[in-house]
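Undergrad:
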Amino acid sequence: MRWVNKPVLLVGGGCAGYDLANLYTLGLPILTSWQAKDLIDNWHPLYYGSPGIYGQRAANRVLYEADQIIALGCRLSPWLIGHGGLRAEQALVMCDCDGQEVAAHPGADWVRSDLGAFIAALKPGPCAHWAPGDPGTLLEACHADTRGYINSYQFWARMQAHLRADEVICVDAGCVECPVYQVLRVAPPQRLMTSGGLGEMGCALPAAIGASFARGKAEVLAVVGDGAAMLNLQEMATITHHRLPVKVLVFANDGYAMIRGTYNNLGIAYAGVDRASGITLPDMRKIAHAWGWHAGEIRTWADFDRAIPQLLGASGPALVVVHIDPEQAYLPRVQPQLVDGRMVPGRFDRMAP
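Throughout, my numbering is defined as the position within the sequence shown, counted from one, plus 11.
1) Could you give the DSSP three-state label for L50: helix, strand or coil?
2) Tell me whether P18 sits in a helix, a strand or coil according to DSSP, three-state version.
3) Which whole runs of the alpha helix (DSSP H) in the region 302–349 are 4 residues long or more, in chain order?
4) Bridge partners for Q79 per DSSP, in chain order?
5) Helix, strand or coil for I180, going by three-state DSSP, please let me know.
6) Helix, strand or coil: how does DSSP classify L233 here?
7) On the criterion of 16 or more Cβ atoms from any shown chain inside 10 Å, does H128 qualify as buried, or is it exposed?
8) Please name the residue, chosen from A340, P256, Q348 and S326, that lies closest to A233 on a Cα-to-Cα basis.
9) Taking only the alpha-carbon atoms, compute the straight-line gap between I41 and A131 and give it to the nearest angstrom.
10) By the 10 Å Cβ neighbour count, where 16 or more other Cβ atoms means buried, how is K48 classified, buried or exposed?
11) For a minimum of 3 consecutive residues, which ranges assigned as the beta strand (DSSP E) are wholly contained in the region 143–189?
12) Buried or exposed: which applies to P56, given that a residue is buried once 16 or more other Cβ atoms fall within 10 Å of its Cβ?
13) So, G95 versus F262, is the Cβ gap smaller than 9 Å?
14) Three or more beta-carbon pairs under 8 Å between the region 172–187 and the region 233–245, yes or no?
15) Using C-beta distances below 7 Å, list every residue in its chain close to A172, excluding the 5 sequence neighbours before and after it, in chain order.
16) Drop a sphere of 10 angstroms on the beta-carbon of A301, count the other beta-carbons inside from all chains shown, and report buried for 16 or more, exposed for fewer.
17) Kindly confirm or deny that the region 20–32 and the region 76–94 touch, where touching means at least three C-beta pairs closer than 8 Å.
18) What is the rounded straight-line gap between the Cα of Q346 and the Cα of N71?
19) Could you please give the first and the last residue of the uninterrupted beta strand (DSSP E) stretch that includes I41?
20) Please state whether DSSP places A263 in a helix, a strand or coil.
21) Going by beta carbon distance, what residues of the same chain come within less than 7 Å of T251, once the five residues before and after it are set aside?
22) For the alpha helix (DSSP H) containing M269, name the first residue and the last one.
23) Using the beta-carbon count (16 or more within 10 Å), is P364 buried or exposed?
24) Here's the rule I'm using: 16 or more other beta-carbon atoms within 10 Å means buried, otherwise exposed. How should V333 be labelled?
Take a look at the structure:
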């Protein structure tokens, strides 16, 4: 491997199952995709986070400033590198089994090697001393509680202390993903799973069922939104039938926050995204009670301190509804601009706000 100035390692989901210990010996900054966040110790000083449209400021800055990107089992989707793509002068090396994914990045150097063998063969280079600096705090001023609601980014910062060393968390698509992946830190053997590029709502509960069975009916934490939970009555039935100890956090914000955000970006009126614009959502606690589950709710931090231990301590399936501000912003993000009726990508290292 020939290093150039300011290289960075970008670990993707294709690295699952491989020994990544050698990456920590290279002295290079390490980034991960969301799908690979749980493959790297998020507390390690070389880890700078997960870049992306809804990434972290330090991770986006490191990826933007790097002169060489070594992508390991990572296809570099627009969600990860932004719709504007990489800078033209950045050297890209991709070790990937799928040539079509590599072909999507003209000029990339394709390493046709077994990923595990390639990782094991990497040696420190002359630029291994590059250190982008302190990644800083993951919580920001934009994550303050608003309008009497607790902020979901603050929720996950506090939830960090309640995670077990082998916690498995299945996260649904949409607004519930961003706070988890932007604030939470995990380290193997903890697992953090979401649907990735598919981005379908309702994926967390079926994933939690599979994860629980795979672990011998062990406890799994599922994170869903109130809109996505509308797709999961049958999964709740399966969990009940098999008495799986799945713990469910339902973030209730009166509908579909990410779609509301798109409408806000485009400056158009809401349609079918909340009660006022045409949808009604049930009280998920009542549905959980109908299945015989423990169920509670969180509106305040005092509620959090009471309800989270009860949720995690329940012997069977359990559910807690977390009420958050329907107008809560999901930040930081690479904010596109509307120019002459067209959405123009924002600069990747300058996240809003």
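Ideal Cβ positions, reconstructed from N, Cα and C, are used throughout, including at glycine.
Computed from a predicted structure; not experimentally measured.
TA: Well, looking at it:
1) helix
2) strand
3) 312–324
4) P18 and A102
5) strand
6) One point to set straight first is that residue 233 is Ala, not Leu, in the sequence displayed. DSSP places A233 in strand when its eight states are reduced to three.
7) According to the sequence displayed, residue 128 carries Ala and not His. The residue in question, A128, is exposed, as its Cβ has fewer than 16 Cβ neighbours within 10 Å.
8) P256
9) 16 Å
10) buried
11) 179–182
12) exposed
13) no
14) yes
15) none
16) exposed
17) yes
18) 13 Å
19) I41 to T43
20) strand
21) W302, G303 and P328
22) A268 to L277
23) exposed
24) buried
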